[in-house]
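Undergrad: The structure's right below; bear with me while I get my questions together.
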Amino acid sequence: MSDVLLAAPSRRSLSLHDAKVRGIIYQLLLAVSLLALAVGIAVQTASNMRARGIPLSFGFWNEAAGFDINQTLIPYDTLSTYGQAFWVGVVNTLYVSLLGIVLATVLGFVVGIARLSPNWIVSKVAASYVEIIRNIPLLLQLLFWYNAVLKALPAPRASIELPGGIYLNNRGLIIPEIQLYEGAGTVELAFLAATIFCGAFWSYARRAQNRTGKQLPVLWVILAALIGLPLIVFLLVGSPVSFVMPELKGFNYRGGHQLYPEFAALLIGLSVYTASFIAEIVRSGIQAVPKGQTEAAHALGLAPGKTLRLVIVPQALRIIIPPLTSQYLNLTKNSSLAVFIGYPDLVQIFAGTVLNQTGAAVQVMAITLSVYLAISLVMSMAMNTFNQRFAIVER
Amino acid sequence: MSDQSLHPPLVNSSLLPPMAPPCGIRPSPATWIRKNLFSTPFSGVLTICFTVLAAWLLHQFVSFAVLDAVWAGGQEECRANPDGACWPFIVEKFDYLRYGAYPLSERWRVDLTLAIGAVLIVWLLWKRAPRRNLAALLFFIVYPVVAFVLLRGVASLNLPVIDTVLWGGLLITLLMSVVGIVFSLPIGVLLALGRRSELPLVRAVCVIFIEVVRGVPFITVLFMANFMMPLFVPDYLTPDRLLRPLIAIALFSSAYMAEVVRAGLQAIPKGQYEAAKALGVSYFTMMRLIILPQALTIVIPGIVSTFIGLFKDTTLVAIVGIADFLRAVETARVDPNWAGPTISSTGYLFAGLVYWIFCFGMSRYSQSMERELARGHKS
Numbered sequence: 001m002s003d004v005l006l007a008a009p010s011r012r013s014l015s016l017h018d019a020k021v022r023g024i025i026y027q028l029l030l031a032v033s034l035l036a037l038a039v040g041i042a043v044q045t046a047s048n049m050r051a052r053g054i055p056l057s058f059g060f061w062n063e064a065a066g067f068d069i070n071q072t073l074i075p076y077d078t079l080s081t082y083g084q085a086f087w088v089g090v091v092n093t094l095y096v097s098l099l100g101i102v103l104a105t106v107l108g109f110v111v112g113i114a115r116l117s118p119n120w121i122v123s124k125v126a127a128s129y130v131e132i133i134r135n136i137p138l139l140l141q142l143l144f145w146y147n148a149v150l151k152a153l154p155a156p157r158a159s160i161e162l163p164g165g166i167y168l169n170n171r172g173l174i175i176p177e178i179q180l181y182e183g184a185g186t187v188e189l190a191f192l193a194a195t196i197f198c199g200a201f202w203s204y205a206r207r208a209q210n211r212t213g214k215q216l217p218v219l220w221v222i223l224a225a226l227i228g229l230p231l232i233v234f235l236l237v238g239s240p241v242s243f244v245m246p247e248l249k250g251f252n253y254r255g256g257h258q259l260y261p262e263f264a265a266l267l268i269g270l271s272v273y274t275a276s277f278i279a280e281i282v283r284s285g286i287q288a289v290p291k292g293q294t295e296a297a298h299a300l301g302l303a304p305g306k307t308l309r310l311v312i313v314p315q316a317l318r319i320i321i322p323p324l325t326s327q328y329l330n331l332t333k334n335s336s337l338a339v340f341i342g343y344p345d346l347v348q349i350f351a352g353t354v355l356n357q358t359g360a361a362v363q364v365m366a367i368t369l370s371v372y373l374a375i376s377l378v379m380s381m382a383m384n385t386f387n388q389r390f391a392i393v394e395r
Numbered sequence: 001m002s003d004q005s006l007h008p009p010l011v012n013s014s015l016l017p018p019m020a021p022p023c024g025i026r027p028s029p030a031t032w033i034r035k036n037l038f039s040t041p042f043s044g045v046l047t048i049c050f051t052v053l054a055a056w057l058l059h060q061f062v063s064f065a066v067l068d069a070v071w072a073g074g075q076e077e078c079r080a081n082p083d084g085a086c087w088p089f090i091v092e093k094f095d096y097l098r099y100g101a102y103p104l105s106e107r108w109r110v111d112l113t114l115a116i117g118a119v120l121i122v123w124l125l126w127k128r129a130p131r132r133n134l135a136a137l138l139f140f141i142v143y144p145v146v147a148f149v150l151l152r153g154v155a156s157l158n159l160p161v162i163d164t165v166l167w168g169g170l171l172i173t174l175l176m177s178v179v180g181i182v183f184s185l186p187i188g189v190l191l192a193l194g195r196r197s198e199l200p201l202v203r204a205v206c207v208i209f210i211e212v213v214r215g216v217p218f219i220t221v222l223f224m225a226n227f228m229m230p231l232f233v234p235d236y237l238t239p240d241r242l243l244r245p246l247i248a249i250a251l252f253s254s255a256y257m258a259e260v261v262r263a264g265l266q267a268i269p270k271g272q273y274e275a276a277k278a279l280g281v282s283y284f285t286m287m288r289l290i291i292l293p294q295a296l297t298i299v300i301p302g303i304v305s306t307f308i309g310l311f312k313d314t315t316l317v318a319i320v321g322i323a324d325f326l327r328a329v330e331t332a333r334v335d336p337n338w339a340g341p342t343i344s345s346t347g348y349l350f351a352g353l354v355y356w357i358f359c360f361g362m363s364r365y366s367q368s369m370e371r372e373l374a375r376g377h378k379s
């Protein structure tokens, strides 16, 4: 094609001096070379996999996995399939990420606001926290929490006893198990009813405020309904609950819920690390709101609390949310460091144990990458929707 | 009115005596304390709580690392002391932590490589150094070759070849980060240009690459490099075990670098592009001489913070069996000869200090650069 073009250079017809023509040629070259690369890799991979006896299909999905997982939120045992093991991994990853996001957000906002405190020592302590934590690799922090803090706790026989039947040892934190009796269902129903009532009351209060300008005590009513109603029902049906106290039997505790040190170390490490980044985001977000906004709010007679809640925070959130989203995604991706301390997340179970047992590297990696990409996509979409709600409405 | 002597002269010929500064400009310590520590009762309570907290943490740290630490002696002293750090452990393992199992007689080669790298980096980053573009040329093109020859060795140059299995410690960490920055910056620039290209296919390819890589954890990229790269190529081309994570780190950080560079490209006013096009400058010349020099200067802070992230991420290569600095600390701390109560904490403390010094130094540099750039834009 290019030979023809070179042979007949003409101003009117297609010419290499035309940027559009060159663009098409560049793209054709790119497409051809990428295609050649992809085909080459695919052929080579297929032949390599056949030569090494690695399965080319997804048939392993329904085979029995044969290994045990000590922390699961969904039913799983040694007879379960690789597919079920995969779902255990996904749920564990999401579980630790969600809890981590909540904790990191709370801690990050507290530290970020403390950095802006007029109190010198408070702001210095917060600044030191940020500068120390974010300049040390997350993996080092995880290993520290796991090996030097949680694994250094006493053995089960010498457990630290906390009030309320809670025990702390190097196998985790053991808390009493809650056992529900008949009638517990009515409490749940009461809670559900309270939630529906709160939603209705909230929208009514909004409409009332729009109509009359008067504010109803929304927060107090919601709190009273959400806590009070289930509590009254709970007492009326005669407290249908009991606690199973953990007991030391042999070398370990029986009964009660156990919080594993792998999970705790991962959760602490992720939250503490990500909080230092969130703190910086919060600080710069609040600082980016012009001072005139505070002064104008004060001049209008708004109380300091309301100034913060109704004027500063909504404007700061607009700046905070986009980088906050990427921190949430980072936390979710960083939860894959679980593999270093043995928390059974997606990477540890699926890209680790399942990959080693089946050898199906290509299929397993493709599935793992797709899960993370899907999480990224869903989370950015959710945050974009949230962001749109807070965006400036311009006339 | 006619009598001029009643009016003072308009021009004062003598200097006026200096006035005392208005009060409040330089507050006394007492005023400062009242204003910054005890402005309200709540603030006072906070001050007391946080002072106690800070003092306690500082005391814990100092007594562990300095006061109660074992400074001289050996394994017995460390085993006998459950309260403080065990520095003899670090002293004994220091060479291992730096070089891994690199042969003793050849370690000068590592030192030389690191020294050359350090000189070039200082030259490159020092704002008033002469001929910084020469430094860039040396660092990005000549240095990788020199480093490869020195570290791996070429038999014909009388430098015996050292198998990469023996490499380890801080050497690996620095190697990973330098390879990451040397390759990710050019690839990142290309990806960023591609993402802003007017050609739809080029743009699509770059967007897909950047977004996919940024959407997955680094560990999975390392897994892919380790398990799948050998499947992608014929047996005789299988990359070295150290080369695989190096390729992974270069590709991974170039996606992040691309986003940083893109921010710089977007910050350049459109007039710059239009002026260049009006002068008839071709696309690549325009990018090379007009747009990229400005864009890259703006994003130096971003590049440095990406590099800090890269430096911290090098710790993850341990998952594919590479003995980087943190892995070396992990190996050293479980040495049965040194099984003391505080060996783990000492190892982690030392590793933390090393990483912290590198990262904090870089972040300070990036902040000073940021201030400089902000000043340049305002004036």
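Quick note, the sequences are listed as chains A and B, same order.
Per the working numbering: the first sequence = residues 1 to 395.
Per the working numbering: the second sequence = residues 1 to 379.
Ideal placement from N, C-alpha and C gives every residue a C-beta, glycine not left out.
As the structure is a prediction and not an experimental result, all values here were calculated from the model.
(1) If you check the beta carbons only, do B/MET229 and B/PRO239 fall under 7 Å apart?
(2) Per DSSP, what are the beta-bridge partners of B/TRP167 in this structure?
(3) Nearest by alpha-carbon distance to A/LEU30: which of B/GLY194, B/PHE350, B/LEU373 and B/LEU316 is it?
(4) Just how far apart, CA to CA, sit A/PHE201 and A/GLN315?
(5) What residues are listed by DSSP as bridge partners for B/ASP324?
(6) Using the C-alpha atoms, what's the distance from B/ILE298 back to B/LEU373?
(7) B/GLY169 and B/ARG98 look like a contact to me (Cβ under 8 Å); what is the Cβ gap, rounded to whole Å?
(8) Considering only residues of the same chain and omitting the five flanking positions on each side of B/VAL233, which have a CB-CB separation below 8 Å?
(9) Starting from A/TYR167, follow its DSSP beta bridges and name the residues at the other end.
(10) Pairs of beta-carbons, one from the region 221-240 of chain A and one from the region 65-76 of chain A, closer than 8 Å: are there three or more?
(11) Spell out a yes or no on whether the region 120-130 of chain A and the region 141-161 of chain A are touching, meaning 3 or more CB-CB pairs, one atom from each, closer than 8 Å.
(12) Just tell me which of B/ASP324, B/GLN367 and B/THR331 has its CA closest to the CA of B/ILE172.
(13) List, in order along the chain, the chain B residues whose C-beta lies closer than 8 Å to that of A/ASN334?
(14) Would you mind reading off the limits of the beta strand (DSSP E) that contains A/ASN252?
(15) Where does A/LEU244 fall in DSSP's three states?
(16) Tell me whether A/ALA64 sits in a helix, a strand or coil according to DSSP, three-state version.
(17) Measuring only the C-alpha atoms, how far is B/SER156 from B/ILE121?
(18) Is the beta carbon of B/VAL213 less than 7 Å from the beta carbon of B/ALA255?
(19) Just grab the DSSP bridge partners of A/LYS249 for me.
(20) Counting contacts by CB-CB distance shorter than 7 Å, is B/MET224 in contact with chain A?
(21) How is A/ASP3 classed by DSSP in three states: helix, strand or coil?
(22) Taking C-beta pairs closer than 7 Å, name the residues in chain B that A/VAL122 reaches, listed in chain order.
(23) Check for me: the beta strand (DSSP E) holding A/HIS17 runs from which residue to which?
(24) Between B/ALA339, B/LEU46, B/TRP87 and B/GLU76, which lies nearest to B/VAL66 when the distance is taken from Cα to Cα?
(25) Hey, would you say A/ALA265 sits closer than 7 Å to A/ILE341, going by beta carbons?
(26) Please list, in chain order, the chain B residues whose beta carbon lies closer than 7 Å to that of A/ILE406.
(27) With 16 as the cutoff for other CB atoms within 10 Å, does B/VAL45 come out buried or exposed?
(28) Please classify A/ASN62 as buried or exposed, where buried requires at least 16 neighbouring CB atoms within 10 angstroms.
(29) Can a CB atom of chain B be found closer than 7 Å to the CB of A/ASN169?
(30) Measuring only the C-alpha atoms, how far is A/LEU153 from A/LEU259?
(31) Is the Cβ of A/VAL347 closer than 7 Å to any Cβ of chain B?
(32) When burial is assigned at 16 or more other CB atoms within 10 Å of the CB, is B/GLU330 buried or exposed?
(33) Rounded to whole angstroms, what is the Cα-Cα separation between B/PRO336 and B/LEU349?
(34) Which residues of chain A have a Cβ atom closer than 8 Å to the Cβ of B/CYS78, listed in chain order?
(35) Considering only their Cβ atoms, is the gap separating B/ILE210 from B/ALA258 smaller than 7 Å?
(36) Figure out for me which residue from A/VAL149, A/ARG171, A/GLU280 and A/ALA148 has the closest Cα to the Cα of A/ARG157.
TA: On the basis of the supplied data:
(1) For the purposes of this step, residue 229 of chain B is identified with residue 229 of the second sequence, where counting begins at 1. For the purposes of this step, residue 239 of chain B is identified with residue 239 of the second sequence, where counting begins at 1. Cβ atoms of B/MET229 and B/PRO239: closer than 7 Å.
(2) Looking up residue 167 of chain B in the second sequence gives position 167. In the DSSP output, where bridge partners are listed per residue, B/TRP167 has B/GLY100.
(3) Position 30 of the first sequence, counted from the first residue, corresponds to residue 30 of chain A. In terms of Cα proximity to A/LEU30, the closest of B/GLY194, B/PHE350, B/LEU373 and B/LEU316 is B/GLY194.
(4) Mapped onto the first sequence, residue 201 of chain A falls at position 201. Mapped onto the first sequence, residue 315 of chain A falls at position 315. So the two alpha carbons sit approximately 27 Å from each other.
(5) Taking the first residue of the second sequence as position 1, residue 324 of chain B is located at position 324. Note: B/ASP324 sits in a beta bridge opposite B/GLY169.
(6) One-based indexing of the second sequence puts residue 373 of chain B at position 373. One-based indexing of the second sequence puts residue 298 of chain B at position 298. Cα to Cα, B/LEU373 sits roughly 7 Å from B/ILE298.
(7) One-based indexing of the second sequence puts residue 169 of chain B at position 169. One-based indexing of the second sequence puts residue 98 of chain B at position 98. Correct: roughly 5 Å between the Cβ atoms.
(8) Translated into positions along the second sequence, residue 233 of chain B becomes position 233. Counting only Cβ-Cβ distances below 8 Å, and skipping sequence neighbours, we find PRO239.
(9) On the first sequence, residue 167 of chain A is found 167 positions in, with the first residue counted as 1. Beta-bridge annotation (DSSP): A/TYR167 is paired with A/GLU161 and A/ILE174.
(10) Taking a cut-off of 8 Å for Cβ pairs, the region 221-240 of chain A and the region 65-76 of chain A do not touch, as fewer than three such pairs fall below it.
(11) no
(12) To locate residue 172 of chain B, count along the second sequence from 1; it is residue 172. For B/ILE172, the nearest C-alpha among the options comes from B/ASP324.
(13) Against the first sequence, residue 334 of chain A aligns to sequence position 334. Going along chain B in sequence order, the residues near A/ASN334 (Cβ under 8 Å) are PRO217.
(14) For the purposes of this step, residue 252 of chain A is identified with residue 252 of the first sequence, where counting begins at 1. Where A/ASN252 is concerned, the enclosing beta strand (DSSP E) stretches over 252-254.
(15) Taking the first sequence and counting its residues from 1, one reaches residue 244 of chain A at position 244. The question names Leu, but residue 244 of chain A in the sequence shown is Val. A/VAL244 falls in the strand class under three-state DSSP.
(16) The residue labelled residue 64 of chain A in the question sits at position 64 within the first sequence. It is a strand residue.
(17) Numbered from 1 along the second sequence, position 156 holds the residue referred to as residue 156 of chain B. Numbered from 1 along the second sequence, position 121 holds the residue referred to as residue 121 of chain B. For B/SER156 and B/ILE121, the distance between alpha carbons rounds to 29 Å.
(18) Within the second sequence, residue 213 of chain B is the residue found at index 213, counting from 1. Within the second sequence, residue 255 of chain B is the residue found at index 255, counting from 1. A contact, by the Cβ cut-off of 7 Å.
(19) One-based indexing of the first sequence puts residue 249 of chain A at position 249. Looking at the DSSP output, A/LYS249 sits in a beta bridge with A/ASN252.
(20) In the second sequence, counting from the first residue as 1, residue 224 of chain B sits at position 224. With 7 Å as the cut-off, B/MET224 counts as an interface residue toward chain A.
(21) As a working note, residue 3 of chain A is residue 3 in the first sequence. Unreliable placement is indicated for A/ASP3, whose pLDDT of 48 sits below 50; the coordinate value is still reported in the next sentence. A/ASP3 falls in the helix class under three-state DSSP.
(22) Looking up residue 122 of chain A in the first sequence gives position 122. Chain B residues near A/VAL122: LEU46 and PHE50.
(23) Looking up residue 17 of chain A in the first sequence gives position 17. Counting along the chain, A/HIS17 falls outside any beta strand (DSSP E), and DSSP gives it neither H nor E.
(24) As a position in the second sequence, residue 66 of chain B is number 66, starting the count at 1. It is B/TRP87.
(25) In the first sequence, the residue the question calls residue 265 of chain A occupies position 265. In the first sequence, the residue the question calls residue 341 of chain A occupies position 341. For A/ALA265 and A/ILE341, yes; Cβs fall inside 7 Å.
(26) Residue numbering for chain A in the displayed model covers 1 to 395; residue 406 of chain A lies beyond these limits and cannot be assessed.
(27) Locating residue 45 of chain B in the second sequence gives position 45, where the first residue counts as 1. Burial call: exposed.
(28) Within the first sequence, numbered from 1, the residue matching residue 62 of chain A stands at position 62. So A/ASN62 ends up on the exposed side.
(29) Taking the first residue of the first sequence as 1, we reach residue 169 of chain A at position 169. No, A/ASN169 does not count as interfacial toward chain B.
(30) Looking up residue 153 of chain A in the first sequence gives position 153. Looking up residue 259 of chain A in the first sequence gives position 259. Each residue's Cα considered, the two are about 14 Å apart.
(31) Counting from 1 along the first sequence, the entry for residue 347 of chain A is found at position 347. With 7 Å as the cut-off, A/VAL347 counts as an interface residue toward chain B.
(32) Taking the second sequence and counting its residues from 1, the one referred to as residue 330 of chain B is at position 330. Label assigned to B/GLU330: buried.
(33) Taking the first residue of the second sequence as position 1, residue 336 of chain B is located at position 336. Taking the first residue of the second sequence as position 1, residue 349 of chain B is located at position 349. Approximately 19 Å, taken between the alpha carbons.
(34) The count along the second sequence starts at 1 and reaches residue 78 of chain B at position 78. Simply none; closest approach about 15 Å.
(35) On the second sequence, residue 258 of chain B is found 258 positions in, with the first residue counted as 1. On the second sequence, residue 210 of chain B is found 210 positions in, with the first residue counted as 1. Against a cut-off of 7 Å, the Cβ pair of B/ILE210 and B/ALA258 comes out as a contact.
(36) Translated into the one-based positions of the first sequence, residue 157 of chain A becomes position 157. Closest option to A/ARG157, Cα to Cα, is A/ARG171.
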